[in-house]
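S.K.: What follows is a single structure, and I will ask about it in a moment.
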Amino acid sequence: MPRARKKTVAASVCADEIEAAFYDALQTGELDQLMACWADDEEIVCVHPGGPRLLGMGAIRAAFDAMFSNGTVRAWPEAVHKIESLASSVHSVRERIEVLTEDGPRHAYVIATNVYQNTAQGWRMVAHHASPGTPQETQDISDTQHVLH
Numbered sequence: 012m013p014r015a016r017k018k019t020v021a022a023s024v025c026a027d028e029i030e031a032a033f034y035d036a037l038q039t040g041e042l043d044q045l046m047a048c049w050a051d052d053e054e055i056v057c058v059h060p061g062g063p064r065l066l067g068m069g070a071i072r073a074a075f076d077a078m079f080s081n082g083t084v085r086a087w088p089e090a091v092h093k094i095e096s097l098a099s100s101v102h103s104v105r106e107r108i109e110v111l112t113e114d115g116p117r118h119a120y121v122i123a124t125n126v127y128q129n130t131a132q133g134w135r136m137v138a139h140h141a142s143p144g145t146p147q148e149t150q151d152i153s154d155t156q157h158v159l160h
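With positions in the sequence shown counted from 1, the corresponding number in my numbering is that position plus 11.
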């Protein structure tokens, strides 16, 4: 399958910029902008809630293209927890998704992991893995002790 040309994204100075561009593209349905957030590498991986594992640029592009044929995805990252190093950044996010119901728009929540690497083109997404959604906001559980000094 021939590779689709990707819209260029300026070299990003941090993973946060690519994450913001990714969620903006979801909300606007801009497939080229969304795909420009991904690394130009056939090893990239994406798992949508309850879906199969998508491997490579072609499979990921086709899945988002099919998703956008039904409209945009109104998703916002919240409660971002980051693990960062010089060459990679892992973001665990709670996504607030707007879904249309018979009673009008409602919110659902998905827990997702976004993985970014600092590539020759700047920071790019290499993995997105999202859990099945829930109708209520999930809470974080932590064993971290909060001590005031």
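Note that CB positions come from ideal geometry on N, CA and C, so glycine has one too.
1. When the Cβ atoms of the region 145-155 are set against those of the region 54-67, are three or more pairs found closer than 8 angstroms?
2. Put T149 into one of helix, strand or coil per three-state DSSP.
3. What are the start and end residues of the alpha helix (DSSP H) that includes L97?
4. Quick check: what's the CA-CA separation for Y127 versus V137?
5. With distance defined between alpha-carbon atoms, name the residue in S103, H139, A90 and A131 nearest to I55.
6. Might you give, ordered along the chain, the residues of its own chain that have their beta carbon closer than 6 angstroms to the beta carbon of A123, omitting 5 neighbours on each side?
7. On the three-state DSSP scale, how would you describe E28?
M.R.: On the basis of the data shown:
1. no
2. Here residue 149 refers to the residue found at position 138 of the sequence shown. Coil.
3. Taking the sequence shown and counting its residues from 1, one reaches residue 97 at position 86. Neither: L97 is in no alpha helix (DSSP H) and is coded neither H nor E.
4. Sequence index remark: in the sequence shown, residue 127 carries index 116 (1-based). Sequence index remark: in the sequence shown, residue 137 carries index 126 (1-based). Y127 and V137: Cα-Cα distance of roughly 6 angstroms.
5. Counted from its first residue, the sequence shown places residue 55 at position 44. Ranking the options by Cα distance to I55, first place goes to H139.
6. Start at 1 with the first residue of the sequence shown, and residue 123 comes out as number 112. V104, E106 and A141.
7. Taking the first residue of the sequence shown as position 1, residue 28 is located at position 17. Of the three classes helix, strand and coil, the one that applies to E28 here is helix, per DSSP.
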